[in-house]
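Counting from 1 along the sequence shown, just add 154 to a position and that's the residue number in this note's numbering.
We treat Cβ as the ideally placed atom computed from N, Cα and C, and that holds for glycine.
Take a look at the structure set out below.
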Amino acid sequence: MKDFFAEQPRIPLCFSPTPLHRADRLSDELGIDLWLKRDDLTGPSAFGGNKMRKLEFLLGLAKTQSVEYVFTFGATQSNHAMETAAACRRCGFKPVLYLVAVVEPDKDSLRGNMLLDALFGAEVHVVKMLPGETESEAEARAFEMARKQMHALDAAGHHCMEVPIGGSTYVGAIGFAAGYVELKEQQEAMGLGDFDYIVHSTGSGGTLAGLAAGRALCGGKEEIVAITCSMKDEAYETKVAGLANQALDQLKQSVVRVLPEDLAIDRGYFGAGYEIPSEASTEAMKLLARTEGVVLDPVYTAKAFAGLLDFMKIGRIKQGERVVFWHTGGAASLFAEPAIVGNLSD
Ligand SMILES: Cc1ncc(COP(=O)(O)O)c(C=O)c1O
C-alpha cells in the first residue's frame with residue numbers, strides 16, 4: 155500500500171502493528187465474526203492505548219520545534235495524559251499535566267493513571283471542580299492556568315507545546331489514519347477479506363477522525379461506528395469531519411473528503427455520564443473477560459462494547475456479520491477510584 159505518511163515528522167512509539175485476532179468463543183456465542191484490534195497493547199508500558207498513535211505524530215512535530223515542555227489536559231484519570239507523560243519520557247520532553255478532578259482523587263493514595271503520572275515524574279496540577287461548575291468550565295479554567303505557566307516559561311526561554319485534550323488535532327488524527335492503513339495491511343496479509351463494521355469508543359474525536367480519513371484514503375467500505383463515552387452536542391460530527399479533512403489536507407490528499415454524514419456516532423450508551431459505570435458496561439466487561447480473557451476499561455471501551463452487544467440484540471448488527479472491535483486501551487482505570495471502576499467482582 156502507498157506510504158501516505160512518509161513526509162510527516164514522526165517518532166516511532168508504538169509496538170506496531172498491534173495484534174488483530176479473532177474472539178473465537180464470543181463469536182460463537184453471539185453468532186458474528188468478531189475480531190479485536192488490540193491498541194491496548196501499543197506500549198511502551200503495560201498500559202498502552204490509542205493515544206500512542208497520535209503521539210507519534212504530535213511529538214514528532216514537537217521534536218522539529220525544539221520543544222522542552224509538553225503541556226496537556228484531561229480528567230484526573232485521563233489515559234491520554236498518562237500516555238503523554240510516558241511518551242514524553244521516551245522522547246526526552248518534560249510532561250506537564252492539568253487534570254480536572256471529575257472524581258476527587260485521594261492525594262495520599264494515588265490510583266490508576268494518577269499513580270502512573272506520578273511514577274513518570276510528570277508535573278501534575280489537579281484542578282478541583284468549583285461548586286456549580288460544569289466539566290467544560292473547569293477545563294477552560296485549566297487551559298487558562300496552563301497558558302499562564304506556558305507564557306512564563308516561554309518568556310524565560312523555554313519552548314512549550316500545548317497538546318489539547320485527547321491529542322485530538324489533525325496532527326494527532328494522522329496517527330489513526332495510519333492505524334486504519336495498518337488494519338487494511340493486516341487484513342490483506344492475513345487473507346481476511348472485508349469487515350462490515352469497525353466499532354470503537356469516541357471521546358475527543360481524534361481516533362474517529364483518523365479512522366474516517368484512513369478509510370477515505372483507502373476507499374474502505376465498512377461502517378465505522380463510534381460510541382460516545384459522554385454527551386456530545388450536535389456539532390460533534392462537523393468537528394470530527396473537519397479534523398479528518400485537515401488531516402487529509404496535511405497528507406496532500408485533499409481530493410478525498412470526509413462528510414459529517416459519513417460518521418456513525420451513537421450517543422446511546424454512556425449511561426449516567428463520563429466516568430460513571432452503567433450496568434450494561436459492567437456486564438460487557440465481565441462477558442469479554444470471562445469468554446476471551448480480555449480486559450476492557452470502565453470509562454471508554456466497556457461502554458462501546460456494551461453498545462456493540464446491544465446492536466446485536468436490536469438487529470443493527472446481524473447474525474454472521476463481520477466486526478472489528480477497536481480496543482483503544484484504558485487498562486489503568488481498572489485501578490482507579492471505586493466509583494469509576496464499578497463492581498466487577500460478582
Ligand atoms: C481508552 C480510550 N478509548 C477511547 C478514547 C477516545 O478516543 P478519542 O479521544 O480519540 O475520541 C479514549 C480517550 O481518552 C481513551 O482513553
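Query: Assumed close pair D420, I381 - CB separation to whole angstroms, cut-off 8 Å; Result: 5 Å
Query: Through-space distance from K375 to T238, alpha-carbon basis; Result: 32 Å
Query: D157 beta carbon near ligand 1 (any heavy atom closer than 7 Å); Result: no
Query: Proximity below 8 Å, CB of F225 to CB of M304; Result: yes
Query: Residue interval of the beta strand (DSSP E) (run including H481); Result: 476-481
Query: One or two residues paired with R192 in a DSSP bridge; Result: H481
Query: Best match in V280, D308, A309, A306 for proximity to R295 [C-alpha to C-alpha]; Result: V280
Query: Nearest candidate by alpha-carbon position, reference M315, set L337, Y324, A300, G484; Result: A300
Query: Burial state of M236 (16 or more Cβ within 10 Å); Result: buried
Query: L442 Cβ short of 7 Å to ligand 1 heavy atom set; Result: no
Query: Beta-carbon proximity list for D271, same chain, < 7 Å, skipping 5 on both sides; Result: A235, M236, A239, L251, V278
Query: Within the segment 164-208, ranges of the beta strand (DSSP E) (whole runs, at least 3 residues); Result: 174-176, 187-192
Query: Inter-residue spacing [alpha-carbon to alpha-carbon] between V502 and F211; Result: Absent from the model: residue 502. The displayed extent of the chain is 155 to 500, so no value can be given.
Query: With 16 other Cβ atoms within 10 Å as the buried cut-off, status of E429; Result: buried
Query: Residues near T361 in its chain [Cβ-Cβ closer than 7 Å; skip 5 each side]; Result: N204, F330, H354, T482
Query: heavy atom of ligand 1 below 7 Å from N204 C-beta; Result: yes
Query: Rounded C-alpha distance that separates E394 from E446; Result: The sequence given here places Val at residue 394; Glu does not occur at that position. Distance between the alpha carbons of V394 and E446 is about 32 Å.
Query: Residue of A460, G496, M439, R444 minimising C-alpha distance to L450; Result: M439
Query: Cβ-heavy atom distance, S322 to ligand 1, below 7 Å; Result: yes
Query: Cβ-heavy atom distance, S384 to ligand 1, below 7 Å; Result: no
Query: Cβ pair L405, I328 closer than 8 Å; Result: yes
Query: Other residues of its chain near F201: CB distance less than 6 Å, five sequence neighbours each side excluded; Result: A485, A486
Query: Selected residue, minimal CA-CA separation from L146, among G311, A458, S499, V477; Result: No answer is possible for residue 146: the residues shown for the chain start at 155 and end at 500.
Query: Euclidean distance between Cα positions of D260 and T455; Result: 25 Å
Query: Cβ pair V257, E491 closer than 8 Å; Result: yes
Query: Distance, V379 Cα to K457 Cα; Result: 13 Å
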